[in-house]
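Student:
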Amino acid sequence: MKVVNAAVVFSLAAVAALGQVNVGEQKPEASVPFNMTTVASFKLPWRLAFLPDGRMLITEKTGPVWLVSQKGDKIPVGNAPPVYFSGQSGMHGIFLSPNYAKDHSVYLTYAEPGDYGGGLALAKATLNATATSATLEKLEVIWRQMPKGKGGQEGAQIAFSPDGQYLFLSVGDRQRMTPAQDPDQPEGKILRLTLDGKPAPGNPNFGKTGAATIPLIDPPSDTEAAKNAKVVSTYTFPGQNLTPAETWASGVRTPYGLAFSPTGELWEVEHGPAGGDELNLIEKGKNYGWPLVSYGQNYNGVPIPKPDARPDLTKPVIYWVPVIAPGNLMFYKGTKTFPQWNGNGFVSGLATKTLNRVVFDGKGGAKMAERWDVGHRIRDVEQGPDGSLWMLEDADPGALIHVTPK
Ligand SMILES: [Ca+2]
Numbered sequence: 450m451k452v453v454n455a456a457v458v459f460s461l462a463a464v465a466a467l468g469q470v471n472v473g474e475q476k477p478e479a480s481v482p483f484n485m486t487t488v489a490s491f492k493l494p495w496r497l498a499f500l501p502d503g504r505m506l507i508t509e510k511t512g513p514v515w516l517v518s519q520k521g522d523k524i525p526v527g528n529a530p531p532v533y534f535s536g537q538s539g540m541h542g543i544f545l546s547p548n549y550a551k552d553h554s555v556y557l558t559y560a561e562p563g564d565y566g567g568g569l570a571l572a573k574a575t576l577n578a579t580a581t582s583a584t585l586e587k588l589e590v591i592w593r594q595m596p597k598g599k600g601g602q603e604g605a606q607i608a609f610s611p612d613g614q615y616l617f618l619s620v621g622d623r624q625r626m627t628p629a630q631d632p633d634q635p636e637g638k639i640l641r642l643t644l645d646g647k648p649a650p651g652n653p654n655f656g657k658t659g660a661a662t663i664p665l666i667d668p669p670s671d672t673e674a675a676k677n678a679k680v681v682s683t684y685t686f687p688g689q690n691l692t693p694a695e696t697w698a699s700g701v702r703t704p705y706g707l708a709f710s711p712t713g714e715l716w717e718v719e720h721g722p723a724g725g726d727e728l729n730l731i732e733k734g735k736n737y738g739w740p741l742v743s744y745g746q747n748y749n750g751v752p753i754p755k756p757d758a759r760p761d762l763t764k765p766v767i768y769w770v771p772v773i774a775p776g777n778l779m780f781y782k783g784t785k786t787f788p789q790w791n792g793n794g795f796v797s798g799l800a801t802k803t804l805n806r807v808v809f810d811g812k813g814g815a816k817m818a819e820r821w822d823v824g825h826r827i828r829d830v831e832q833g834p835d836g837s838l839w840m841l842e843d844a845d846p847g848a849l850i851h852v853t854p855k
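For the sequence shown, this note's numbering begins at 450 and goes up steadily by one.
1. So, at 7 Å on beta carbons, what are the nonlocal neighbours of T672 in its own chain, with the 5 sequence-adjacent residues on each side left out?
2. Do A574 and S538 have their beta-carbon atoms positioned less than 8 Å apart in this structure?
3. Identify whether E673 lies in helix, strand or coil by the three-state DSSP scheme.
4. Buried or exposed for S480, please, with buried defined as at least 16 other CB atoms from any protein chain shown within 10 angstroms of its CB.
5. Identify the residues that DSSP records as bridge partners of Q746: which are they?
6. Just to confirm my understanding: we take S518, look at its own chain, exclude 5 residues before and 5 after, and list those with CB closer than 7 Å. What are they?
7. Could you give the first and the last residue of the continuous beta strand (DSSP E) run that contains Y768?
8. Is it the case that the Cβ atoms of S619 and V532 are separated by a distance below 8 Å?
9. Tell me which same chain residues have a C-beta within less than 6 Å of the C-beta of L691, skipping the five on either side of it?
10. How far does the beta strand (DSSP E) with A550 in it extend, from its first residue to its last?
11. Does DSSP put T703 in a helix, a strand or coil?
12. Quick one: does the C-beta of S739 sit closer than 7 Å to a heavy atom of ligand 1?
13. Which value, in whole angstroms, describes the spacing of the CA atoms of Q614 and P711?
14. For L838, which of K755, E719, H851 and R828 has the nearest alpha-carbon?
15. From H825, A608 and D810, pick the residue whose C-alpha is nearest to that of A818; which is it?
16. Spatial neighbours of T558 within its chain, please: CB distance less than 6 Å, with the 5 preceding and 5 following residues excluded, ordered by chain position.
17. Taking 8 Å as the threshold, find out whether the region 628-641 comes into contact with the region 749-768 through three or more Cβ pairs.
18. Is any heavy atom of ligand 1 found at a distance shorter than 7 Å from the C-beta of P525?
19. Taking just the CA atoms, how far does L516 sit from T581?
20. Please name the residue, chosen from A694, T511, W495 and Q475, that lies closest to D633 on a Cα-to-Cα basis.
21. So what's P752 in DSSP terms, helix, strand or just coil?
22. Apart from the five residues on each side of it in sequence, which residues of its chain come closer than 6 Å, Cβ to Cβ, to G473?
23. Where do the ends of the beta strand (DSSP E) carrying N805 lie?
24. Under 8 Å, do G705 and G783 count as touching if we go by C-beta distance?
25. For K755, I'd like the list of residues in its chain whose CB is within less than 8 Å of its CB, leaving aside the five on either flank, ordered along the chain.
26. Quick check: S490 and G833, are their CB atoms within less than 8 Å of each other?
27. Quick check on DSSP: helix, strand or coil for W697?
28. For ligand 1, is there any heavy atom lying closer than 7 Å to the beta carbon of P628?
29. Does G567 pass the burial test, meaning 16 or more other C-beta atoms within 10 Å, or should it be called exposed?
30. When DSSP labels each residue in this structure, what does A489 get in the three-state scheme?
31. Counting only the same chain and skipping the five closest in sequence on each side, list residues whose C-beta sits under 7 Å from that of G724.
32. Output the boundary residues of the beta strand (DSSP E) element that contains E589.
33. Any heavy atom of ligand 1 closer than 7 Å to the beta-carbon of P722?
34. If I follow the unbroken beta strand (DSSP E) through F544, where does it start and stop?
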């Protein structure tokens, strides 16, 4: 046993010394060690969240929210907000508040319709669910990305701090790239908010106010068009602009996965451009480099400086070239059904149609385990109350898939 421990310590030290690990070339396992059963289908489903009674809330990118039994029976959830559905934009996540048992509060993230396109909105509501009906009551937008505008990649994932006091929200770069490095704009950031959507005490810029006016650009996609972006108008915040006070970390691109590990580390997965998907350990005040550096390159082939060029920016712990296109990140907790995975992370792959297991060392390190070919573009994977896994397929129709031991 002592020999094994020494080997583990040596290999972690070696990884730290050698730097970042590319796992993009990893081959799938020859077979999958679980059964997959489709129990229902949805139109471009995005996220699922389990209620304490074992039913789940499921969002569709086109806007609707459903209350779904484990057999696949669906009840429409009333009073879902209007969404801007276009390309990558639309309804995104639904998440139970840490206080759900007390007050039935839930959070939704989605692209809210507005000038020139949409903007990421974070709303809080009270779920009134019975055996036969479900409604969102007292729905209120508690944070919104301003100005709105063109571009997909809202990010839109929530992770609650382990103490249940704070809400971390991932905001994508909206395909505008440069705002990810602008401290006065929320795009390309990880925000840390109170449960009511306000800047959280302890944030790097807590108590400071930012620029009152910021540009609304006619945004580029991830191409050289960035150089030709035009300012089409400016947006002046009413009263104080507190965007900088909400920022916890910056320089992220397409942060679809954000989750706390069982040891209390905050991890994020994001899409790179052409190449360069990343798994990042998110820490206070750090800059994760987009769009200054990437292991990928622009879609038009224009190179991006590699992270080694900028030691002042925080590198991913693991990256993928070629990409898997991560749909989300979740941590498996508990010893029911798949006890061998207790504490492990799972990253879904859209482009690769895979489920990827990641082993974390609790000290800021992570290592890839298996890549399983599951035959579907997986947008979400979550753990059910009995320890089985549930996956959502990014398709129309897209399957709700129950994953159980063989
Ligand atoms: Ca990065």
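From the three backbone atoms N, C-alpha and C, an ideal C-beta is built for every residue, glycine too. Predicted model, so just to flag it, every value in this text is computed and none were measured.
Tutor: Inspection of the coordinates gives the following:
1. Position 223 of the sequence shown, counted from the start, is the residue given in the question as residue 672. Unreliable placement is indicated for T672, whose pLDDT of 46 sits below 50; the coordinate value is still reported in the next sentence. Result list for T672: N747, Y748 and N749, in chain order.
2. As a position in the sequence shown, residue 538 is number 89, starting the count at 1. As a position in the sequence shown, residue 574 is number 125, starting the count at 1. It is not a contact, given that the beta carbons lie outside the stated cut-off.
3. Within the sequence shown, the letter at position 224 stands for residue 673. In this prediction, E673 has a pLDDT of 48, which is less than 50 and means its spatial position is unreliable; nothing more can be read from the coordinates.
4. The residue given as residue 480 occupies position 31 in the sequence shown. Exposed: under 16 other Cβ atoms inside 10 Å.
5. Locating residue 746 in the sequence shown gives position 297, counting from the first residue. For Q746, which the question treats as bridged, DSSP gives the partners A723.
6. Walking along the sequence shown from the start, residue 518 turns up at place 69. Excluding sequence neighbours, S518 sits near R504.
7. Here residue 768 is taken as the residue at index 319 of the sequence shown, counted from 1. Unbroken beta strand (DSSP E) run through Y768: I767 to W769.
8. The sequence position of residue 619 within the sequence shown is 170, counting from 1. The sequence position of residue 532 within the sequence shown is 83, counting from 1. For S619 and V532, no; Cβs fall outside 8 Å.
9. By 1-based counting over the sequence shown, the position of residue 691 is 242. Bear in mind that the predicted position of L691 carries a pLDDT of just 47, short of 50, making it too unreliable to give a figure here.
10. Numbered from 1 along the sequence shown, position 101 holds the residue referred to as residue 550. Here A550 belongs to no beta strand (DSSP E); instead the alpha helix (DSSP H) covers Y549 to D552.
11. Here residue 703 is taken as the residue at index 254 of the sequence shown, counted from 1. Of the three classes helix, strand and coil, the one that applies to T703 here is coil, per DSSP.
12. In the sequence shown, the residue the question calls residue 739 occupies position 290. For the sequence presented, residue 739 should be read as Trp rather than Ser. Yes, Cβ of W739 sits closer than 7 Å to a heavy atom of ligand 1.
13. Looking up residue 614 in the sequence shown gives position 165. Looking up residue 711 in the sequence shown gives position 262. Computed Cα separation, rounded: 16 Å.
14. The residue you call residue 838 lines up with position 389 of the sequence shown. Of K755, E719, H851 and R828, the residue nearest in Cα terms is H851.
15. Looking up residue 818 in the sequence shown gives position 369. Selected option, being the one with the closest Cα: D810.
16. Against the sequence shown, residue 558 aligns to sequence position 109. Only H541, G542, L571 and A605 meet the Cβ criterion.
17. no
18. Taking the sequence shown and counting its residues from 1, the one referred to as residue 525 is at position 76. Every heavy atom of ligand 1 is 7 Å or more from the Cβ of P525, so no.
19. Mapped onto the sequence shown, residue 581 falls at position 132. Mapped onto the sequence shown, residue 516 falls at position 67. Computed Cα separation, rounded: 10 Å.
20. As a position in the sequence shown, residue 633 is number 184, starting the count at 1. Considering only alpha carbons, the answer is A694.
21. In the sequence shown, the residue the question calls residue 752 occupies position 303. Of the three classes helix, strand and coil, the one that applies to P752 here is coil, per DSSP.
22. Counting from one through the sequence shown, the residue named residue 473 turns up at place 24. Same-chain partners within the cutoff: W769, V770 and P771.
23. Locating residue 805 in the sequence shown gives position 356, counting from the first residue. Residues T803 to F809.
24. Locating residue 705 in the sequence shown gives position 256, where the first residue counts as 1. Locating residue 783 in the sequence shown gives position 334, where the first residue counts as 1. A quick correction: the sequence has Tyr, not Gly, at residue 705. Cβ distance not < 8 Å, so Y705 and G783 don't count as in contact.
25. Sequence index remark: in the sequence shown, residue 755 carries index 306 (1-based). Contacts found: V742, S743 and Y744.
26. Locating residue 490 in the sequence shown gives position 41, counting from the first residue. Locating residue 833 in the sequence shown gives position 384, counting from the first residue. No, these two residues do not count as a Cβ contact at 8 Å.
27. Indexing the sequence shown from 1 puts residue 697 at position 248. W697 falls in the strand class under three-state DSSP.
28. Within the sequence shown, numbered from 1, the residue matching residue 628 stands at position 179. No; taking the cut-off as 7 Å, the Cβ of P628 has no heavy atom of ligand 1 nearer than that.
29. Walking along the sequence shown from the start, residue 567 turns up at place 118. Result: buried.
30. Here residue 489 corresponds to residue number 40 of the sequence shown, with the count starting at 1. Here A489 sits in strand by DSSP.
31. In the sequence shown, the residue the question calls residue 724 occupies position 275. Closer than 7 Å at Cβ, skipping near neighbours: Y744, G745, Q746, V770, P771 and V772.
32. As a first step, residue 589 must be located in the sequence shown, where it is residue number 140. Where E589 is concerned, the enclosing beta strand (DSSP E) stretches over A583 to R593.
33. Working through the sequence shown from its first residue, we reach residue 722 at position 273. Checking the Cβ of P722 against ligand 1 gives no.
34. Walking along the sequence shown from the start, residue 544 turns up at place 95. Taken as a continuous stretch (DSSP letters only), the beta strand (DSSP E) holding F544 covers M540 to L545.
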